[in-house]
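**Q** Here it is, the structure in full.
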Amino acid sequence: MSTTVLPATVLPAGLPAPAIEPLARPYWEGTRAGRLVIQKCRGCGRHQWGPEWICHRCHSFDLDWAEVAPRGRIWSWQRPHHPVHSALTGHTPYTIVLVELPHADNVRMVGNLICPPDAKVEIGAAVEAVFEPHDAADPPYTLVQWRLAG
Amino acid sequence: MSERTLRGKVAIAGVGETTYYRHGQSPDAEFKLALQAVLAACNDAGIDPRDVDGFASYGGDRSEAVRLAAALGIKELRFSNMFWGGGGGGVCGAVANAAAAVHSGMADCVIAFRSLAQGQFARYGRGAAVAAAAGDDAFLAPYGLMSPAQRFAMKITRFMTDNGIRHEALRAIAMTSYHHAQANPNAVMRGRPLSAEKYDASRWIIEPFHRLFDCCQENDGAGAVLVVPADRAKDLPHKPVYLLGAAQGGHHRSAAPVHNAPDYASAHFKTVARNMWEMAKLGPKDCNVVQAYENFTGGVLLSLVEHGFVDPRTANEELVLDRLLAPGGAMPMNTSGGNLAECYMHGLEMVNEAVRQLRGTAINQVPGANVVAVLGGPMVTPVSSLVVGTEATL
Ligand SMILES: [Zn+2]
Chain A
10 MSTTVLPATV
20 LPAGLPAPAI
30 EPLARPYWEG
40 TRAGRLVIQK
50 CRGCGRHQWG
60 PEWICHRCHS
70 FDLDWAEVAP
80 RGRIWSWQRP
90 HHPVHSALTG
100 HTPYTIVLVE
110 LPHADNVRMV
120 GNLICPPDAK
130 VEIGAAVEAV
140 FEPHDAADPP
150 YTLVQWRLAG
Chain B
16 MSERTLRGKV
26 AIAGVGETTY
36 YRHGQSPDAE
46 FKLALQAVLA
56 ACNDAGIDPR
66 DVDGFASYGG
76 DRSEAVRLAA
86 ALGIKELRFS
96 NMFWGGGGGG
106 VCGAVANAAA
116 AVHSGMADCV
126 IAFRSLAQGQ
136 FARYGRGAAV
146 AAAAGDDAFL
156 APYGLMSPAQ
166 RFAMKITRFM
176 TDNGIRHEAL
186 RAIAMTSYHH
196 AQANPNAVMR
206 GRPLSAEKYD
216 ASRWIIEPFH
226 RLFDCCQEND
236 GAGAVLVVPA
246 DRAKDLPHKP
256 VYLLGAAQGG
266 HHRSAAPVHN
276 APDYASAHFK
286 TVARNMWEMA
296 KLGPKDCNVV
306 QAYENFTGGV
316 LLSLVEHGFV
326 DPRTANEELV
336 LDRLLAPGGA
346 MPMNTSGGNL
356 AECYMHGLEM
366 VNEAVRQLRG
376 TAINQVPGAN
386 VVAVLGGPMV
396 TPVSSLVVGT
406 EATL
């Protein structure tokens, strides 16, 4: 599937990087390759997110990882104005969305919506993932951002 | 088998609180504030503090039970208990844990308390200054989602959008607390009334439903209640305030990682409220007063809905100032000023106010109040709530 990589980051530099922890390593390896990869249970075949040690449905510990289509719909949103981190001072407001993936057992993911600071946001709107590499970070990582699907 | 319940089994015999301060303004250390509140609750109950035999708290309170027991020369510690979870989710749970210890015979005289000096320690409203975000935060902090307000905002957006509830409903909640605080000498916001114009002109914290006055402040102080067996309370100076119902917890996977709770647009009270009313054998219509924890006004809305105080279909008409004010409103709420305007004591100040309402000694007294509900911190998990009443309700 085609993927888009952002030329610049949505939020300014200086925010905390994600710790690449063993439980979630396949997800972060996936985003580096421009793929959205989440947990899928070998026991019952269902997806879950965020990463967990056990399947909450069937209690299998045999959790696989599967690529899912990088698209979804906005389930909810917020637009922070108050800078909660020094890196954000002078860079608000920005938009955070909770995106539901109907084709992956309705798991939800959090990211930024790439849009003007005063754009109207509609619950239910279709969005697609945009991969945002942080190549200069140590270790490098890639975030998943969202934009309205064209 | 006899009925398993706390209804009428224990009573709150004493309440205590320190002077409340704006954050960082307390002249006293957090532990000293805790000691002051404990002593005040014992004094109010006419009980020698050395006879206290248990402590229950929540929110990761730093004033540990054993340290309090040592400092106060407690003869024998029989119960020490911490309710999991942050913020004020555990305020009613701590009182209920104290009650369960007393009713079971594990202890006789238990303090439930909260102490906070957010000047002495870290504040809540800012993200931690860390290089890498671990656990759930790895999927949130890099997107600028770090503060409690941000963790809850998308629940509120979804619920209010789905139900067509206007921001004015939240404004009424904020104005109610500020209104009641104006008569309360210990309220941090006394002398700082909140008009509709001032609210509307306040800056955005988070669009679309969090202006400055929708968000709690941060404060220094401490509060405590003393829980004893119902029989013993009858011999103490004040009219006993009986615990009628209490519950804590959360619905199915309310703490699912990365905002994946199936029933997400919730304060997490749906099962808790049902269990509390069932134990109390009462419902929202039986309450004369409600104390509803404000971390954010949107959380109060969700909390009131899930406890049955407000119908989401008519919330715009129900959440108006006239209906929420003591003494004459249809549903007097947060009568001492609440977290927003009395003090952000993680809701312990609301338990104290419930007791004063039932004793008939509140500053904004609701005449003849017999039943008061206290709804603890919403949207965190686990959450807790309780309902208390006078002897007439037993
Ligand atoms: Zn499974």
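The listed protein sequences correspond, in order, to chains A and B. Just so you know, the first sequence maps onto residues 10 to 159 in our numbering. Just so you know, the second sequence maps onto residues 16 to 409 in our numbering. Ideal Cβ positions, reconstructed from N, Cα and C, are used throughout, including at glycine.
#1: State the beta-bridge partners of B/Pro244 as determined by DSSP.
#2: Looking at chain A, which residues of the region 165-196 of chain B have a Cβ within less than 7 Å of any of its Cβ atoms?
#3: If I measure Cβ to Cβ from B/Pro244 and keep anything under 8 Å in the same chain, skipping five residues before and after, which residues do I get?
#4: Alpha carbon to alpha carbon, how far is A/Glu141 from B/Ala49?
#5: Does chain A have any CB closer than 7 Å to the CB of B/Gly159?
#6: For B/Tyr73, does the three-state DSSP call read helix, strand or coil?
#7: Around the C-beta of B/Arg328, are 16 or more other C-beta atoms found within 10 angstroms, so that it is buried, or is it exposed?
#8: Does the beta carbon of B/Ala202 sit closer than 7 Å to a beta carbon anywhere in chain A?
#9: Going by DSSP, what residues sit across from B/Gly314 in a beta bridge?
#10: Report yes or no: is there a C-beta of chain B within less than 7 Å of the C-beta of A/Gln48?
#11: Under 8 Å, with one C-beta from each stretch per pair, do the region 23-36 of chain A and the region 116-133 of chain A reach the 3-pair mark?
#12: Report the partner residues of A/Thr151 according to the DSSP bridge assignment.
#13: Could you check what DSSP says for A/Glu30 in three-state terms: helix, strand or coil?
#14: So, helix, strand or coil for B/Gln133, using DSSP?
#15: Where do the N-terminal and C-terminal ends of the alpha helix (DSSP H) with B/Asn178 fall, by residue?
#16: Beta-carbon within less than 6 Å of A/Trp58's beta-carbon, same chain only, minus the 5 sequence neighbours each way: which residues are those?
#17: How would you list, in chain order, the residues of chain B whose beta-carbon sits under 7 Å from the beta-carbon of A/Trp62?
#18: What would DSSP say about B/Glu309, mapped onto helix, strand or coil?
#19: Could you run through the region 116-138 of chain A and flag, in chain order, every residue whose CB is less than 8 Å away from some CB of chain C?
#20: Taking A/Gly59 as the query, report the chain B residues whose CB atoms sit under 7 Å from its CB, ordered along the chain.
#21: Report yes if the CB atom of B/Leu251 is closer than 7 Å to the CB atom of B/Ala115, and no otherwise.
#22: DSSP beta-bridge partners for B/Gln232?
#23: Using a beta-carbon distance cut-off of less than 9 Å, what residues from the region 208-227 of chain B approach chain A?
#24: When the cut-off is 7 Å and only beta carbons count, does B/Ala148 lie next to chain A?
#25: Regarding B/Arg268 and ligand 1, is the C-beta to nearest heavy atom distance less than 6 Å?
#26: I think B/Val381 touches B/Gln306, with their Cβ atoms under 8 Å apart; what is that distance to the nearest whole Å?
#27: Are the beta-carbon atoms belonging to B/His38 and B/Glu183 less than 7 Å from one another?
#28: By the criterion of Cβ-Cβ separation under 7 Å, what are the contact partners of B/Ser17 in chain A?
#29: Tell me the rounded alpha-carbon separation between A/Glu61 and B/Lys285.
#30: Which of the three DSSP states, helix, strand or coil, is assigned to B/Ile221?
#31: Measure the alpha-carbon distance for A/Arg156 versus B/Leu258 and round it to whole angstroms.
#32: Locate the beta strand (DSSP E) running through A/Trp58, then write down its first and last residues.
#33: Just how far apart, CA to CA, sit B/Asn201 and B/Glu357?
#34: Taking the C-alpha atoms as reference points, what is the distance between A/Cys50 and B/Gln51?
#35: At the 7 Å Cβ level, is A/Leu107 part of the contact set with chain B, yes or no?
#36: Identify, in the order they occur along the chain, each residue of the same chain with its Cβ nearer than 6 Å to the Cβ of A/Gln87, setting aside the five sequence neighbours on each side.
**A** This is what the structure gives:
#1: Position 229 of the second sequence holds residue 244 of chain B. Paired residue(s): B/Val25.
#2: Gln165, Ala168, Met169, Thr172, Arg173, Thr176
#3: Residue mapping note: residue 244 of chain B aligns to position 229 of the second sequence, counting from 1. Only Lys24, Val25, Ala26, Val117, His118, Asp123 meet the Cβ criterion.
#4: Taking the first sequence and counting its residues from 1, the one referred to as residue 141 of chain A is at position 132. Taking the second sequence and counting its residues from 1, the one referred to as residue 49 of chain B is at position 34. Straight-line Cα distance between these residues: approximately 48 Å.
#5: On the second sequence, position 144 is the one that residue 159 of chain B refers to. Cβ-Cβ to chain A under 7 Å: yes for B/Gly159.
#6: The sequence position of residue 73 of chain B within the second sequence is 58, counting from 1. The answer is strand: DSSP assigns B/Tyr73 an E or B state.
#7: Here residue 328 of chain B corresponds to residue number 313 of the second sequence, with the count starting at 1. Exposed, because fewer than 16 other Cβ atoms sit within 10 Å of the Cβ of B/Arg328.
#8: Taking the first residue of the second sequence as 1, we reach residue 202 of chain B at position 187. So no, B/Ala202 is outside the interface.
#9: Looking up residue 314 of chain B in the second sequence gives position 299. Answer is none; B/Gly314 lacks a bridge partner.
#10: Taking the first sequence and counting its residues from 1, the one referred to as residue 48 of chain A is at position 39. Taking Cβ atoms only, chain B never reaches closer than 7 Å to A/Gln48, which makes this a no.
#11: no
#12: In the first sequence, counting from the first residue as 1, residue 151 of chain A sits at position 142. Answer is A/Pro142.
#13: To locate residue 30 of chain A, count along the first sequence from 1; it is residue 21. Coil at A/Glu30, not helix or strand.
#14: Numbered from its first residue, the second sequence carries residue 133 of chain B at position 118. Coil, per DSSP.
#15: In the second sequence, the residue the question calls residue 178 of chain B occupies position 163. Its alpha helix (DSSP H) spans residues 163-178.
#16: In the first sequence, counting from the first residue as 1, residue 58 of chain A sits at position 49. For A/Trp58, where only same-chain residues beyond five positions count, the Cβ hits under 6 Å are Ile47, Val116.
#17: To locate residue 62 of chain A, count along the first sequence from 1; it is residue 53. By Cβ distance, chain B contributes nothing, its closest Cβ being about 11 Å from A/Trp62, past 7 Å.
#18: Looking up residue 309 of chain B in the second sequence gives position 294. B/Glu309: coil per DSSP, three-state reduction.
#19: Here the protein chains are A and B, and chain C is not one of them.
#20: Within the first sequence, numbered from 1, the residue matching residue 59 of chain A stands at position 50. Going along chain B in sequence order, the residues near A/Gly59 (Cβ under 7 Å) are Asp151, Phe154, Pro272, Val273, Asn275.
#21: Within the second sequence, residue 251 of chain B is the residue found at index 236, counting from 1. Within the second sequence, residue 115 of chain B is the residue found at index 100, counting from 1. Cβ distance not < 7 Å, so B/Leu251 and B/Ala115 don't count as in contact.
#22: Walking along the second sequence from the start, residue 232 of chain B turns up at place 217. DSSP lists no partner for B/Gln232.
#23: Arg218, Trp219, Ile220, Ile221, Glu222, Pro223, Phe224, His225, Leu227
#24: On the second sequence, position 133 is the one that residue 148 of chain B refers to. So yes, B/Ala148 belongs to the interface.
#25: Residue numbering aside, residue 268 of chain B sits at position 253 when the second sequence is read from its first letter. B/Arg268: no, Cβ never under 6 Å from ligand 1.
#26: By 1-based counting over the second sequence, the position of residue 381 of chain B is 366. By 1-based counting over the second sequence, the position of residue 306 of chain B is 291. 11 Å between Cβ atoms; not a contact.
#27: Start at 1 with the first residue of the second sequence, and residue 38 of chain B comes out as number 23. Start at 1 with the first residue of the second sequence, and residue 183 of chain B comes out as number 168. For B/His38 and B/Glu183, no; Cβs fall outside 7 Å.
#28: As a working note, residue 17 of chain B is residue 2 in the second sequence. The premise fails here: B/Ser17 is roughly 36 Å from chain A at the closest Cβ pair, so nothing lies under 7 Å.
#29: In the first sequence, counting from the first residue as 1, residue 61 of chain A sits at position 52. In the second sequence, counting from the first residue as 1, residue 285 of chain B sits at position 270. Their backbone Cα atoms lie some 25 Å apart in a straight line.
#30: The count along the second sequence starts at 1 and reaches residue 221 of chain B at position 206. In this structure, B/Ile221 counts as strand in the three-state DSSP scheme.
#31: Numbered from its first residue, the first sequence carries residue 156 of chain A at position 147. Numbered from its first residue, the second sequence carries residue 258 of chain B at position 243. Rounded to whole angstroms, A/Arg156 to B/Leu258 spans 52 Å at the Cα level.
#32: Taking the first residue of the first sequence as position 1, residue 58 of chain A is located at position 49. Taken as a continuous stretch (DSSP letters only), A/Trp58 belongs to no beta strand (DSSP E), as it is neither H nor E.
#33: Here residue 201 of chain B refers to the residue found at position 186 when the second sequence is read from its first residue. Here residue 357 of chain B refers to the residue found at position 342 when the second sequence is read from its first residue. Whole-angstrom Cα-Cα distance: 7 Å.
#34: As a first step, residue 50 of chain A must be located in the first sequence, where it is residue number 41. As a first step, residue 51 of chain B must be located in the second sequence, where it is residue number 36. Distance between the alpha carbons of A/Cys50 and B/Gln51: 53 Å.
#35: Sequence index remark: in the first sequence, residue 107 of chain A carries index 98 (1-based). Interface residue, yes.
#36: Here residue 87 of chain A corresponds to residue number 78 of the first sequence, with the count starting at 1. Counting only Cβ-Cβ distances below 6 Å, and skipping sequence neighbours, we find Ile105.
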